[in-house]
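If you're matching positions, the sequence shown starts at 1 in the UniProt record's numbering and goes up one per residue.
We treat Cβ as the ideally placed atom computed from N, Cα and C, and that holds for glycine.
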Amino acid sequence: MSTWRQARAESVVDTINPVLKNLVWPSPSDETPFWKKEFPTWDVSVELPADVEKDSDLMHIIHVTAEMAPIAKVGGLGDVVTGLARACLARGHTVDVMLPFYECIEKQHIIDLTLITTYNSFHDGNWILTNAYRGEVSGIPVIFVEPSNQFFKGKYVYGGSYDELEAYIFFSRACLEWMQVTGVQPDIIHVHEWQTSALPLLYWDMYHHLSLKRPRITLTIHNMEHYGECRQEQLSKCGLDGAIYATTDRAVDDRTIGHNPERLSLLKGGIVYSNAVVTVSPTYLKETLCSGWLSSTLIRNRDKYFGVLNGIDPAIWNPATDIFLPVKFNAQKLEGKKFCKNYVQKGLGLPVESAGRAEGKDVVNGTQQKVPLVVCITRLVAQKGLHLIIHAIKHIEELGGQMVVLGKAPDDRVEREFKDLADLYNEGPAIRILLMYSEELSHMLYAAADMVLVPSLYEPCGLAQMFGMRYGAVPIVRRTGGLADTVFDIDDHSNNHMANGFVFEGIDEGSLNWALDRAFSLYKNKPDEWTGLVRKAMERDNSWNNTAGNYIEVYNSVRVRDDSS
Numbered sequence: 001m002s003t004w005r006q007a008r009a010e011s012v013v014d015t016i017n018p019v020l021k022n023l024v025w026p027s028p029s030d031e032t033p034f035w036k037k038e039f040p041t042w043d044v045s046v047e048l049p050a051d052v053e054k055d056s057d058l059m060h061i062i063h064v065t066a067e068m069a070p071i072a073k074v075g076g077l078g079d080v081v082t083g084l085a086r087a088c089l090a091r092g093h094t095v096d097v098m099l100p101f102y103e104c105i106e107k108q109h110i111i112d113l114t115l116i117t118t119y120n121s122f123h124d125g126n127w128i129l130t131n132a133y134r135g136e137v138s139g140i141p142v143i144f145v146e147p148s149n150q151f152f153k154g155k156y157v158y159g160g161s162y163d164e165l166e167a168y169i170f171f172s173r174a175c176l177e178w179m180q181v182t183g184v185q186p187d188i189i190h191v192h193e194w195q196t197s198a199l200p201l202l203y204w205d206m207y208h209h210l211s212l213k214r215p216r217i218t219l220t221i222h223n224m225e226h227y228g229e230c231r232q233e234q235l236s237k238c239g240l241d242g243a244i245y246a247t248t249d250r251a252v253d254d255r256t257i258g259h260n261p262e263r264l265s266l267l268k269g270g271i272v273y274s275n276a277v278v279t280v281s282p283t284y285l286k287e288t289l290c291s292g293w294l295s296s297t298l299i300r301n302r303d304k305y306f307g308v309l310n311g312i313d314p315a316i317w318n319p320a321t322d323i324f325l326p327v328k329f330n331a332q333k334l335e336g337k338k339f340c341k342n343y344v345q346k347g348l349g350l351p352v353e354s355a356g357r358a359e360g361k362d363v364v365n366g367t368q369q370k371v372p373l374v375v376c377i378t379r380l381v382a383q384k385g386l387h388l389i390i391h392a393i394k395h396i397e398e399l400g401g402q403m404v405v406l407g408k409a410p411d412d413r414v415e416r417e418f419k420d421l422a423d424l425y426n427e428g429p430a431i432r433i434l435l436m437y438s439e440e441l442s443h444m445l446y447a448a449a450d451m452v453l454v455p456s457l458y459e460p461c462g463l464a465q466m467f468g469m470r471y472g473a474v475p476i477v478r479r480t481g482g483l484a485d486t487v488f489d490i491d492d493h494s495n496n497h498m499a500n501g502f503v504f505e506g507i508d509e510g511s512l513n514w515a516l517d518r519a520f521s522l523y524k525n526k527p528d529e530w531t532g533l534v535r536k537a538m539e540r541d542n543s544w545n546n547t548a549g550n551y552i553e554v555y556n557s558v559r560v561r562d563d564s565s
């Protein structure tokens, strides 16, 4: 390297990050994997955006949910609850989240945890002693509901030894009981998924006839494939008469009509009884009106059914401040992203093209790295296009790229299949399959990736493509649901101003190949255009600040303006 180039390289290294000189590069042989090292505490509670304009017509919103990021996160539901709650707080509204106090929650992540109420809530003929605690998570007030029975005990959010359906029905009533006992009357009770879809039934057929008069109910359906199938006697354990809901216009599971016994669907009951029903993208709304057994119910309730795109929290997902990244970066200063890529490559034992003092000679010389890194961060379930993920592993290796798959499979058969693939590929030079979930590693992978793959068969909204874009990973997605609302193909000249990724239509390997081949070609042959695409993806506003206003409009359309019922 010439003296001038060496000086320039050292200057860029110094500019990127003062700590880069002291950066310890990871290795697969490290006793502690690089994503499990100690990280600084990330207090986002003080990072509610100050520049958000406050709404003039403020309200009190309580989310009743089975998940909340980061303390009880399994999938995107947890991210949505936290992101939407923080966005509404930033706009001036009063927001609380009510969450089961799962035994697995790490209490050190809760600020000022305090017992606030001890009360009884009904289940199966008995009144169960229940504690309510208040604490703060990510700047959001959270009320944790802890029954004295076995509900919500176990090592994980889901899959305990108790009857999960009965536990969530109990939780739905316990939240309303707490509001009645304490006299809290929010404007909006926002329930999510089948787990809390019994609450609208309990509210309108029980608690609204008692002391709760003001609240109105909004239900968000994050995935229409989870129905909350329920026997009449299970619903009856909360104090309602399950038999009266076994009608087509209430909560009977239409697929079981004529069977013995017929069953109920909590999600259908929630749709019927809520004042407003939201699903998580405009395209998914259209899809659900046209297919699936719930489509007839949704059509009958079309006037209160809305499609609101999810967002991401720009404080939690920000490559310029992310505590999990070895080097920070932004759309104007992309050099740090290349170092993140080198860091992850070395930590996973993948070949790093560049070498030299900063493990990034190609970065500081301004040349394009020729081996693209593709990441796929997902639950390994059929919805996510498992056959396409498996094909991508093979095709990306053939194209001379690298790929990292991060995710868990709840199905043992799928887990074994991917374990066999991991055994086959993980010692090689191109593929890493990590059958686990790590919030820390997911941040690092998005920062390291050149491309993020989301080949879902259906996708109500999808957050992976948004996280990827925020961190400069160009999305490669199948056109469905929220993916169709957020990613626009660079070769679609009718939408050229929106172009930010690569989109394919079919569910076959050839369709996926077409998208991957185009992405790899642009990456390798037109580096300047690729960099422009990366910047364009990063600058797209997928934040909750941009979309929370749509939820506020839904809330305002159903809320009560005075004390009348």
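Within 10 Å of its beta-carbon, does residue i have 16 or more other beta-carbons around it, so buried, or fewer, so exposed?
| i | result |
| --- | --- |
| T182 | exposed |
| R302 | exposed |
| I111 | exposed |
| F170 | buried |
| I299 | exposed |
| C175 | buried |
| I271 | buried |
| D485 | buried |
| R413 | exposed |
| L445 | buried |
| S138 | buried |
| R214 | buried |
| Q195 | buried |
| P100 | buried |
| S56 | exposed |
Near residue i, which residues of its chain fall below 7 Å by C-beta distance, leaving aside the five closest residues on each side in sequence?
| i | result |
| --- | --- |
| Y102 | A72, F152, V157 |
| D205 | L240 |
| G78 | E67, M68, A69, A72 |
| E229 | D253, R263, S265 |
| E397 | A430, I431 |
| Y207 | L176, Q180 |
| E166 | Q234, K237 |
| H391 | E509, L512 |
| K524 | K370 |
| L325 | P319, C340, H443, M444, A447 |
Enumerate in chain order the residues of its own chain whose CB-to-CB distance from residue i is below 8 Å, with the five nearest sequence positions on each side excluded.
| i | result |
| --- | --- |
| K419 | L435 |
| C88 | I61, V95, A548, Y551, I552 |
| S148 | I128, L129, T130, N131 |
| N542 | G311, I312, M466, M469, R470, T486 |
| E245 | Just to set this straight, residue 245 is Tyr in the shown sequence, not Glu. For Y245, where only same-chain residues beyond five positions count, the Cβ hits under 8 Å are L201, Q232, L235, A251, V252, L264, G269. |
Could you give the distance in angstroms between the alpha-carbon of residue i and the alpha-carbon of residue j?
| i | j | result |
| --- | --- | --- |
| L115 | M179 | 15 Å |
| V344 | T480 | 30 Å |
| T117 | A464 | 38 Å |
| N495 | Y273 | 39 Å |
| residue 568 | R432 | Since the first and last residues shown for the chain are 1 and 565, residue 568 lies out of range. |
| A243 | Y425 | 54 Å |
| I143 | A198 | 19 Å |
| Q383 | L334 | 33 Å |
| W317 | A85 | 15 Å |
| M59 | V97 | 14 Å |
| Q402 | V371 | 7 Å |
| Y162 | K337 | 45 Å |
| E509 | G472 | 26 Å |
| W293 | V280 | 18 Å |
| G92 | P314 | 18 Å |
| E106 | Q232 | 35 Å |
| residue 574 | G347 | Residue 574 is absent from the structure shown; the chain starts at 1 and stops at 565. |
| V404 | T378 | 11 Å |
| V81 | V191 | 10 Å |
| V364 | D322 | At V364, the pLDDT of 39 sits below 50, so the modelled position is not reliable; the number obtained from the coordinates is stated separately. About 22 Å. |
| E415 | P319 | 31 Å |
| W457 | W35 | Residue identity differs from the one stated: residue 457 is Leu in this sequence, not Trp. Looking at the two C-alpha atoms, the distance is approximately 30 Å. |
Taking 8 Å as the CB-CB cut-off, is residue i touching chain C?
| i | result |
| --- | --- |
| V145 | As a matter of chain content, chain C is missing from the structure shown, which is built from one protein chain. |
Skipping 5 residues on each side, what residues in its chain have a beta carbon closer than 6 Å to that of residue i?
| i | result |
| --- | --- |
| V558 | R216, N275, A276 |
| I490 | A499 |
What ranges does the beta strand (DSSP E) occupy inside the UniProt domain "Glycosyl transferase family 1" (365-523), keeping only unbroken runs of at least 3 residues that lie completely in it? Correct list: 373-377, 402-406, 431-434, 451-454, 474-478, 502-504.
- Every unbroken beta strand (DSSP E) inside the region 214-272 [3 residues or more]: Uninterrupted beta strand (DSSP E) stretches at least 3 residues long and entirely within the region 214-272 occur at 216-221, given in chain order.
Exercise. Where are the beta strand (DSSP E) runs, 3 residues long or more, that stay fully inside the region 313-341, in chain order?
Worked result: Listed in chain order, there is nothing to give.
So within the region 41-93, which uninterrupted alpha helix (DSSP H) runs reach at least 4 residues, ignoring any that extend past its ends? Whole alpha helix (DSSP H) segments, 4+ residues: 76-90.
Jot down the residue ranges of each uninterrupted alpha helix (DSSP H) in the region 147-219, minimum 4 residues, whole runs only, in chain order. With a minimum length of 4 residues, the continuous alpha helix (DSSP H) runs that stay inside the region 147-219 are 164-182, 198-205.
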